[in-house]
Structures are given as structure tokens and as C-alpha cells.
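Asks:
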Amino acid sequence: MLESREWYLAAYAAEGIPTSDHLKLRTVVVDIDSIPDGHVALESLFISVDPYMRTRLTGLQDGISLHQFQRNQLINGFGAGRVIRSNDSNYKEGDVVLNPFSPVAEYCVIPSRFLRKLDPTNGIPLLDHFNSLGPPGFAAWLGIEVLGDPKPGSNVFISAASSAVGLCAGQLPKIRGCRVIGSTGTDEKVKLIKEKFAVLNHVNPHARIPLCGMISQYNKVWTEREGVRNLLNMVGKEVKMEGFIISSYLDRFGDFAEQMESYL
Ligand SMILES: NC(=O)c1ccc[n+]([C@@H]2O[C@H](COP(=O)([O-])OP(=O)(O)OC[C@H]3O[C@@H](n4cnc5c(N)ncnc54)[C@H](OP(=O)(O)O)[C@@H]3O)[C@@H](O)[C@H]2O)c1
3 MLESREWYLA
13 AYAAEGIPTS
23 DHLKLRTVVV
33 DIDSIPDGHV
43 ALESLFISVD
53 PYMRTRLTGL
63 QDGISLHQFQ
73 RNQLINGFGA
83 GRVIRSNDSN
93 YKEGDVVLNP
103 FSPVAEYCVI
113 PSRFLRKLDP
123 TNGIPLLDHF
133 NSLGPPGFAA
143 WLGIEVLGDP
153 KPGSNVFISA
163 ASSAVGLCAG
173 QLPKIRGCRV
183 IGSTGTDEKV
193 KLIKEKFAVL
203 NHVNPHARIP
213 LCGMISQYNK
223 VWTEREGVRN
233 LLNMVGKEVK
243 MEGFIISSYL
253 DRFGDFAEQM
263 ESYL
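So, in C-alpha cells, the structure goes:
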């Protein structure tokens, strides 16, 4: 038996910034002495706190529409853990694994079928699996390589270019020989973007716009979210805008990992 602290959802936050009224910490006892078949006990090493988690705390099924966390249940995210007990012959004590559904807890017992074991001999730092080789890199790769597919010499615009996704998304078109323009959130840069680079006013005919996220809207209910006044450009210029969620493209993860590792 082990004592473990875990974060759980006490109440939904439909709008505004979630507080300690919504997410609370509690201590539970985890039974690591009788682990079911096909399960392992993990000690958490890292858990990524990502923007999409906010959309799972609303109690509403709109916008990104990911499954809502359940009230009084611990929350989860993309994480890495060390195996401390195993009831699966593919895993042994000391293995370091990635877990897309890591409970936000110090210890847990979980089914091993979603885990990916890391090879300690390949020299890839663990935290690379949280950025360029993890969900942000995968989102960037899907947006650029799969959906956007920019031709050499074309212009590529990256919003939130200093974000985890944006940093990767800015590099990939450069490797293809594109011209990359990015926006970030300082006052000075926002002014520049609003006055000079209102992107849809300058979009090229037949441009492709992969829609990755809208972090500035996550704390608002849909009636309060901002509208876009220059969408009509998309009609005249026959622009294609396409939203995507990385979990729908897991069959491409192997292609992504192979290509991205070659760039490191
Ligand atoms: N579609 C998918 O499957 C998928 C997968 C992963 C991520 N995403 C989305 O991709 C986006 C970036 O994710 P990330 O993990 O890279 O995020 P991140 O590293 O946390 O960075 C978020 C960036 O957004 C900007 N930002 C923060 N709050 C903002 C606000 N209220 N208004 C405007 N900008 C704000 C900041 O830029 P400045 O520092 O320049 O202010 C920050 O760099 C998010 O919308 C996320 O939901 C989607």
C-alpha cells in the first residue's frame, strides 16, 4: 500500500479561470500489492499541463468537445512514469513509459495497453517526448505536413508562434524551404499583427489553414467568444480551413516520430 496525492475535479468551471474550488488535492491509498493482470503500478515522473485540459473542465460538450472529466474523479493528462510493480511480462520495474492518460497523481495502478516503453539507449532526452516528439510536435506535424502541406517557396503563417506547438510548427515549413511568419502575444507584436498582418485579409488564393486550437477562447462560454469579421476572404479566395485533433490521427504517429527524430 502506498499513500498518493492526486488532483481531482470538485466542480465544473463553465467559464473564467478555474480555481481551487474546481480542482482539489486529496490523499488516497493505492494498492500496489495486488495488481490485476495486464496492469502496472507507476510512479509519476512528469505530467504535461496542456491547454486542452481546460476544455475538459467545463461540464459542457461544445467547442473542442473532448470527454469531460467526471466530478470527484482524478484528472489525467499526457505523462511519463516509472514502473514500480508489474503484472505484465512486457514491463519490469524501472522501465520508463509514456502514458497518454496519466492520472495527475503521485502513484497509480493502470492498464498497460496504452503505455509506450522508452528505450533508454537511444539518447533521446525524456522531455523531448513532451515537446518536439510528443503531442505539441505531433500537432505541429499534422498541421504542416499532413493538412497544410506547403510547397517550397510558399508563405506559412503560424499564430502563437512561441507556444510549444508553434515552435515546432515554425520549423517544419522552414525545412521545406518556405517563408515563415509567426505571431506572438506581446503588446507590441499584437499591435503589429492587428495593423499589418490581419492574416485573412492577406491570405493567398487556395490557401490551407489547419486549425489547431484557440487558447484565448477556452475560458469563455460560446456566446462570449470572439467573432472573425474578415472570414469573407475565404470565400473569394477559396481558402480551405480544417480543424483537427491529434487523437484522430494516431495511425500517423509512427510516421511523425520517424520524421521528427531525424530532425533532432
Ligand atoms: N488540435 C490538437 O489536437 C492540438 C494538440 C495540441 C495543442 N493544441 C492547441 O494548440 C494551441 C497551442 O498549444 P500549446 O501546447 O503549444 O500551448 P502553450 O505552449 O501553453 O502556449 C500557448 C500560447 O498561446 C498564447 N496564449 C496564451 N494565452 C492566450 C490568450 N488568452 N490569448 C491569446 N494567446 C494566448 C501564448 O503566446 P504568447 O506567449 O505569444 O502570448 C502562448 O505561447 C492551443 O490552442 C492548444 O489547445 C491542439
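So the sequence shown is residues 3 to 266, counted in the working numbering. Think of the CB as a built atom: it goes at the ideal place given N, C-alpha and C, for glycine as much as any other residue. All values reported here derive from a predicted model rather than from experimental measurement.
#1: Is the distance from the Cβ of Gly-61 to the Cβ of Gln-70 below 9 Å?
#2: Let me check understanding here. Comparing Cα to Cα, which of Tyr-93, Ala-43, Asp-130 lies closest to Tyr-109?
#3: In this structure, does DSSP put Gly-238 in helix, strand or coil?
#4: Can you find at least 3 beta carbon pairs, one from the stretch 87–99 and one from the stretch 19–27, that sit closer than 8 Å?
#5: Excluding five sequence neighbours on each side, which residues of the same chain lie with their C-beta closer than 7 Å to the C-beta of Leu-233?
#6: Is any non-hydrogen atom of ligand 1 found closer than 8 Å to the C-beta of Pro-137, if you look at the structure I gave you?
#7: Just curious, the alpha helix (DSSP H) that Ala-259 is in, first and last residue?
#8: For a test of your reading of the model: does the CB of Ala-166 fall under 8 Å from any non-hydrogen atom of ligand 2? Yes or no.
#9: Use the C-beta contact count for Phe-258: other C-beta atoms within 10 angstroms, 16 or more gives buried, fewer gives exposed.
#10: Do Leu-149 and Glu-244 have their beta-carbon atoms positioned less than 9 Å apart in this structure?
#11: Rounded to the nearest angstrom, what separates Tyr-14 and Phe-159 at their Cα positions?
#12: Terminal residues of the continuous alpha helix (DSSP H) containing Ala-142?
#13: Hey, would you say the C-beta of Ala-163 is under 8 Å away from at least one heavy atom of ligand 1?
#14: Would you say Lys-222 and Cys-180 are within 9 Å of each other, going by their C-beta atoms?
#15: Answer yes or no: the CB of Phe-255 versus the heavy atoms of ligand 1, is any distance below 8 Å?
#16: Here's the rule I'm using: 16 or more other beta-carbon atoms within 10 Å means buried, otherwise exposed. How should Val-85 be labelled?
#17: Do you know offhand how far Arg-118's Cα is from Lys-239's?
#18: Could you tell me which of Leu-174, Val-230, Asn-157 sits nearest to Ile-183, measuring between CA atoms?
Replies: Walking through what the data contain:
#1: yes
#2: Ala-43
#3: Judged by DSSP in its simplified three-state form, Gly-238 adopts helix.
#4: no
#5: Leu-202
#6: yes
#7: 255–265
#8: In the structure shown, ligand 2 is absent; the only ligands present are ligand 1.
#9: buried
#10: yes
#11: 35 Å
#12: 137–143
#13: yes
#14: no
#15: no
#16: Classification for Val-85: buried.
#17: 43 Å
#18: Residue Asn-157 is the option with its Cα nearest to Ile-183.
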